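Undergrad:
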Amino acid sequence: MRTRDVFASAAGAAAGNPLRTLLLTLAMAIGVAAVVVLTALGDGARRYVMREFTALGSNLVIVLPGRTATGGINPASAITTTPRDLTVEDARAVARAPAALRVAPVVAGTSEMSVGGRLRDTLVLGTTAEFLDIRRFKLAQGRFLPVEDWDRGSPVMVIGARLRSDLFGAEPPLGQFVRVGERRFRVIGVLATSGSGLGMNTDELAIVPVALAQQMFNTSNLFRILVEARGRPAIEAAKRQATAILKERHGGEEDVTVITQDAVLATFDRLLGTLTLGVAGIAAISLAVAGILVMNVMLVSVTQRRAEIGLMKALGGSGGTIRLLFLVEAALLSLAGALGGYALGHAGAWVIRTLYPTLPAYPPDWAVLAALGTALVTGVLFGVMPARRAAALDPVLALARR
Amino acid sequence: MANGGPQVDLAGIERVFRLGDSVVHALAGIDLAIDAGEYLSVMGPSGSGKSTLLNVLGLLDSPNAGTYRLEGRDVTTLSAAEQAGVRSRRIGFVFQSFHLVPRLTAAENIALPMMLAGIPAAERAPRVDKALADFGLADRARHRPDELSGGQRQRVAIARATVMQPAMLLADEPTGNLDRATGEEVIRLLEHLHEGGVTLIMVTHDQALGDRAHRRVYMEDGAIKRDSGRGTGRG
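Here the protein sequences come in this chain order: A and B.
First residue of the first sequence? That's 278 in this note's numbering, and the numbers climb one at a time after it.
First residue of the second sequence? That's 235 in this note's numbering, and the numbers climb one at a time after it.
1) At which residue ranges does the region 376 to 434 of chain B contain complete alpha helix (DSSP H) runs of 4 or more residues, listed in the order of the chain?
2) Among the candidates A:LEU523, A:GLY596, A:SER611, whose CA atom is the shortest distance from the CA of ILE351 of chain B?
3) Any idea which residues DSSP pairs ASP243 of chain B with across the strands?
4) Enumerate in chain order the residues of its own chain whose CB-to-CB distance from MET324 of chain B is below 8 Å, with the five nearest sequence positions on each side excluded.
5) Give the secondary structure of ILE477 of chain B by DSSP, where H, G and I count as helix, E and B as strand, and everything else as coil.
6) First and last residue of the beta strand (DSSP E) that includes PHE454 of chain A?
7) Closer than 8 Å by beta-carbon distance: list the chain A residues that pair up with LEU350 of chain B, in chain order.
8) Give me the residue from A:GLY555, A:VAL384, A:ALA381, A:PHE500 with the minimum Cα distance to LEU315 of chain A.
9) Check whether the region 534 to 550 of chain A touches the region 378 to 391 of chain A, taking contact to mean three or more Cβ pairs, one atom from each stretch, closer than 8 Å.
10) Which residues of the region 347 to 378 of chain B have a Cβ closer than 7 Å to any Cβ of chain A? Give them in chain order.
11) Do you know offhand how far GLN388 of chain B's Cα is from LEU318 of chain A's?
12) Which residues in the same chain have their Cβ closer than 8 Å to the Cβ of LEU416 of chain A, if we skip the five residues on either side of it in sequence?
13) Hey, quick one: how far does the beta strand (DSSP E) through LYS459 of chain B stretch, first residue to last?
14) In angstroms, rounded to a whole number, what distance separates the CA positions of THR580 of chain A and ILE586 of chain A?
15) Report whether the distance from the Cβ of PRO279 of chain B to the nearest heavy atom of the ligand ATP is below 8 Å.
16) Cβ of PHE716 of chain A within 9 Å of Cβ of ALA669 of chain A?
17) With C-beta atoms as the reference, is GLU267 of chain B less than 9 Å away from ASP295 of chain B?
18) Near THR347 of chain A, which residues of its chain fall below 7 Å by C-beta distance, leaving aside the five closest residues on each side in sequence?
19) Less than 9 Å between the beta carbons of ILE435 of chain B and LEU412 of chain B, yes or no?
20) Nearest CA to the CA of VAL365 of chain A: which residue from A:GLU448, A:VAL283, A:ASP428, A:LEU549?
21) So what does DSSP say about THR537 of chain A, is it helix, strand or coil?
22) For PHE421 of chain A, does the three-state DSSP call read helix, strand or coil?
23) Below 7 Å CB to CB, which residues in the same chain sit around ASN298 of chain B once its five sequence neighbours on both sides are set aside?
24) Please list the partners that ASN289 of chain B has in chain A, where partner means a Cβ-to-Cβ separation under 7 Å.
25) Under a CB-based cut-off of 9 Å, is GLY292 of chain B close to chain A?
26) At what residues does the alpha helix (DSSP H) containing GLY444 of chain B begin and finish?
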């Protein structure tokens, strides 16, 4: 039998029983769609986290006070209660590390600020001019903190876009004064809108020189030291050097935690990648179920089409031809289901993206290929047994029945 | 025949069915030789083994013992695929219940043996058209079996059985599901094909129908009781 005829006959047989074909295709489609949608969700979450981390700035090494055994971020590392805290002097020392391109000390705290009669609580960040480049922030208006002695800050302030509109409304903010506690700061710049970055909303941030922030919060400690390495390959060196410098300065005790964005990123990447894989595995079970359904329905079909199979044998069809016909039919049904499921899955992913625009819910290519491949392989594998049964049918018995 | 021998040569054919503990000899030592172009009827009561004989002749059933030579070649030892090839090229079947594929049109049903034999579509079409015209079905080409009368269905079945130009036509009660007038029409069609040179072997329990054959074989309990003898064929 010619290949074209095999496919036409198998397709004709499938079309000859529309309900059966529809149900089978649907079962397969749901399986494939489940894989596509669930992996889109898993991979979307992974991409979301990756994007948020990358937004922190590249080649970033973060030094936080306190030693955590795991080296990760935990709530305790946000509270600076370790015996020896980070200081501006420490930051200055780290800046001398050969692998460090830029270093910015960071002090953080919440404070109330007022303009005219308007009051507002906001997060105040004390840092230096280097911070802008390290964090890859963009300015909408004016300029950033001036390059000056870290110990003697000028009373200037850079504010987030949201804070600008809250405090000044439609008025031009540059040159205006903002009162924070006892002090007055002149607004010299406004950050461009960037949205949120891992919980820290830069739009509601007020940035002042680090020395003034320390006075404001009555502390000599730092919240973080941000280090930008000289390129990606230098990240490990920057981490090592920063650790060594601080260990020496802190009396030989390694009481700081140095994390690299790469390490955090890799951990999350691995974690969420595994999650996606696991979810895909669970969804693949539905494909196996669909495969068993294909087998069942094809077996019923063989029984229903006994007379037809017997007739084909009487007309000179060999067992091999009949086996091929049934296999191709199972494969075609699976293929139709797989393609339908692919479309359905992408529609589902689209719905998720529409409902949650921040989640890039695109199914990864490997998952789509695996789902389509698994659907086809399952369909054909589970089609083998019915096809063999059809091929082995005794034509005399098959034709005797009506 | 090229080799001068009989077209069909059955020697000591046995076919045994086991039904539980009992053993049924559907065919018990059948010796039968049929020349090319004969018109032969097989008659006998139900269970006499006449359908089994037809199935063995058509290579649908394999005998437990004995040899079957078709056109001088021992076909009992052929593989299943080889037997399918012989069925495809040398044998045409006509069944009592027509056995048309319900989802296929008349034309597609007729084309089925050619499709199974791997004949390309371009070559099939003219042969199907010719068959449809020959059997008076030209205006029924696109109709499905359920849109055809009994006589038309059997004509489609006969067109399908002959489209590969077989040497031998095996008919199992071809008029069993038809009324007298339609049956007569179908028989005349088969006899016309026989006049064209095809060996026609017909199983029937209709005495009048059986008597029309030039050679009549009567079976009982899996054995041939009477045979009007070879060489009475016209062809």
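Cβ coordinates follow ideal geometry from the N, Cα and C atoms, glycine included.
This structure is a prediction, so every number in the text was calculated from the model and none was measured.
TA: Reading it off the structure:
1) 384 to 396, 414 to 429
2) The question names Ile, yet the displayed sequence has Ala at residue 351 of chain B. Cα-wise, what sits closest to ALA351 of chain B is A:GLY596.
3) B:ALA267, B:ARG303
4) The sequence given here has Arg at residue 324 of chain B, not Met. These residues qualify, in order along the chain: LEU304, GLU305, PRO400, ALA401, MET402.
5) Any question about residue 477 of chain B goes unanswered here, given that chain B covers just 235 to 469.
6) 454 to 457
7) MET278, MET589, LEU592, GLY593, GLY594, THR598
8) A:GLY555
9) no
10) PRO347, MET349, LEU350, ALA351, GLY352, PRO354
11) 60 Å
12) LEU409, VAL435, GLY466, VAL467, LEU468, ALA469
13) 457 to 461
14) 9 Å
15) Judged by which ligands are present, the structure shown has none, so any question about the ligand ATP falls away.
16) As shown, chain A starts at 278 and ends at 679. That puts residue 716 of chain A outside it, with no answer to give.
17) For clarity, residue 267 of chain B is Ala in the given sequence; the question names Glu instead. No, these two residues do not count as a Cβ contact at 9 Å.
18) Confidence at THR347 of chain A is low in this model, with a pLDDT of 48, below 50, so its placement is unreliable and the value that follows should be read with caution. Taken in chain order, the list of residues that qualify is empty.
19) no
20) A:ASP428
21) strand
22) coil
23) GLU248, ARG249, VAL250
24) VAL673
25) yes
26) 441 to 446
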